[in-house]
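Which chain is which? The protein sequence lines are L and U, in order.
For the first sequence, the positions run 3 to 140 when our numbering is used.
For the second sequence, the positions run 3 to 140 when our numbering is used.
Note that CB positions come from ideal geometry on N, CA and C, so glycine has one too.
All figures in this text were calculated on a predicted structure; none of them were measured in a lab.
What follows is a short report on a single structure.
Protein chains: 2
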Amino acid sequence: MDLAVEQQLKGHGLQVTVQRVAVMAAVSARPHATTEELTDDVRSNIGSVSRQAVYDTLGIFVEKGLIRKIQPTGSVARYEDRVGDNHHHLVCRTCSVMVDIDCAVGETPCLTAETDHGFEIDEAEVVYWGQCPQCKTP
Amino acid sequence: MDLAVEQQLKGHGLQVTVQRVAVMAAVSARPHATTEELTDDVRSNIGSVSRQAVYDTLGIFVEKGLIRKIQPTGSVARYEDRVGDNHHHLVCRTCSVMVDIDCAVGETPCLTAETDHGFEIDEAEVVYWGQCPQCKTP
DNA sequence: CAGCATTCTGGACTGAGTCAAGAGTTTGGC
DNA sequence: GCCAAACTCTTGACTCAGTCCAGAATGCTG
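What follows is the structure in structure tokens.
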């Protein structure tokens, strides 16, 4: 699987380094993790990384479309490796837990606004706010 | 119109102060403004405010449902007074300009995921990413 | 108009994220 | 295999949004 990551990186003209492979692995292993969490995970895998390397790597991955960055209101940046499919997120207002949710309306849903304001829309990001099962007290 | 704001505040058990009225006026006058922009607007209206008063007031208004806070990935917090209706946002990836867009799918759209994961969903927030007319160079 | 609760002010502080320069790795050509 | 050039990582200083706190000021109720 590291081989697959290497191919991905090379395919985008990026050098293959232990840091990058570890960051990609961390994002895959723990979806919706914050930069700090990812840094910790990478450290426990390869010993040490600088914060800057993680930020840098995440930024490049996002730019290349390998991962997605999400930042709901009131949260710090989070990353996930599910790209290309059309899924959205459920966020608990109380505990901030975030879960994936597949869009029920087909391939690229909610893009019904496409024609407005002269914008050229390339992505619809949907966040559902509510209470998770644990937090909605009975 | 200040009277209406006063009624709103009192109705929610809040004291009426010049700062609060001015903050509400600023949010109404300039939708999608950042805290800094709002602070500037308030200052030019009533002379001076502390940053803390603005943060505090905005926080209370959001909590009471008088305004809405939005924070797309990579942006600082922004506020708007359009609440209750169901509209979404178009954000330009290049210049970060943000415009309102009415949902084309009816009253509370995109809530088709309602049944999943045991969440109790109360709001669907939709952000369309793309290029605004100015930024999509021809 | 007096007293109390709420709100505002000012200043110090936190923490995510950025910048920049130099050291260390990768990589592709020899 | 080896070397230079390009890329990437490290380190440390820095920015900036947002928070915390204690004391002063203001709005509200009787």
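Measuring only the C-alpha atoms, how far is residue i from residue j?
{"i": "U/VAL56", "j": "L/THR96", "result": "24 angstroms"}
{"i": "L/THR75", "j": "U/GLN133", "result": "22 angstroms"}
{"i": "U/GLU8", "j": "U/GLN21", "result": "12 angstroms"}
{"i": "L/VAL78", "j": "L/HIS34", "result": "10 angstroms"}
{"i": "L/LYS66", "j": "U/LYS138", "result": "19 angstroms"}
{"i": "L/GLU127", "j": "U/LEU60", "result": "25 angstroms"}
{"i": "L/LYS71", "j": "U/ASP42", "result": "31 angstroms"}
{"i": "U/ASN88", "j": "U/ASP104", "result": "7 angstroms"}
{"i": "U/THR136", "j": "U/ASP4", "result": "It should be noted that the sequence gives Gln, not Thr, for residue 136 of chain U. Cα to Cα, U/GLN136 sits roughly 36 angstroms from U/ASP4."}
{"i": "U/GLY120", "j": "L/TRP131", "result": "13 angstroms"}
{"i": "L/GLY49", "j": "L/GLU125", "result": "37 angstroms"}
{"i": "L/ASP58", "j": "L/GLN10", "result": "17 angstroms"}
{"i": "L/VAL23", "j": "L/SER46", "result": "14 angstroms"}
{"i": "L/THR19", "j": "L/ILE69", "result": "17 angstroms"}
{"i": "U/ILE62", "j": "U/THR36", "result": "16 angstroms"}
{"i": "L/LYS12", "j": "L/ALA27", "result": "16 angstroms"}
Could you check if residue i is buried or exposed, using at least 16 other CB atoms within 10 Å of its CB as the buried criterion?
{"i": "U/ALA6", "result": "exposed"}
{"i": "U/ARG80", "result": "buried"}
{"i": "L/GLU122", "result": "exposed"}
{"i": "L/HIS14", "result": "exposed"}
{"i": "U/ALA31", "result": "exposed"}
{"i": "U/GLU38", "result": "exposed"}
{"i": "L/VAL51", "result": "buried"}
{"i": "L/VAL85", "result": "exposed"}
{"i": "U/THR110", "result": "Since pLDDT at U/THR110 reaches only 44, below the 50 mark, its modelled position is unreliable, and no value is offered."}
Could you round the C-beta distance between residue i and residue j to whole angstroms and report it? I think they count as a contact, below 8 angstroms.
{"i": "L/VAL64", "j": "L/VAL44", "result": "That belief does not hold up - the Cβ atoms of L/VAL64 and L/VAL44 are roughly 16 angstroms apart, past 8 angstroms."}
{"i": "U/VAL99", "j": "U/VAL129", "result": "That belief does not hold up - the Cβ atoms of U/VAL99 and U/VAL129 are roughly 13 angstroms apart, past 8 angstroms."}
{"i": "U/ASP83", "j": "U/HIS91", "result": "Not a contact, Cβ separation roughly 14 angstroms."}
{"i": "U/LEU16", "j": "U/VAL29", "result": "Contact flag wrong, Cβ pair sits at about 15 angstroms."}
{"i": "L/GLN73", "j": "U/GLN73", "result": "7 angstroms"}
Can you name the residues that DSSP bridges to residue i?
{"i": "L/ALA126", "result": "U/TYR130"}
{"i": "U/ASP104", "result": "U/HIS89"}
**OP:** Jot down the residue ranges of each uninterrupted alpha helix (DSSP H) in the region 12 to 50 of chain U, minimum 4 residues, whole runs only, in chain order.
**Re:** 20 to 31 and 37 to 48
Residue ranges of each alpha helix (DSSP H) within the region 48 to 100 of chain U, 4 or longer: 53 to 66
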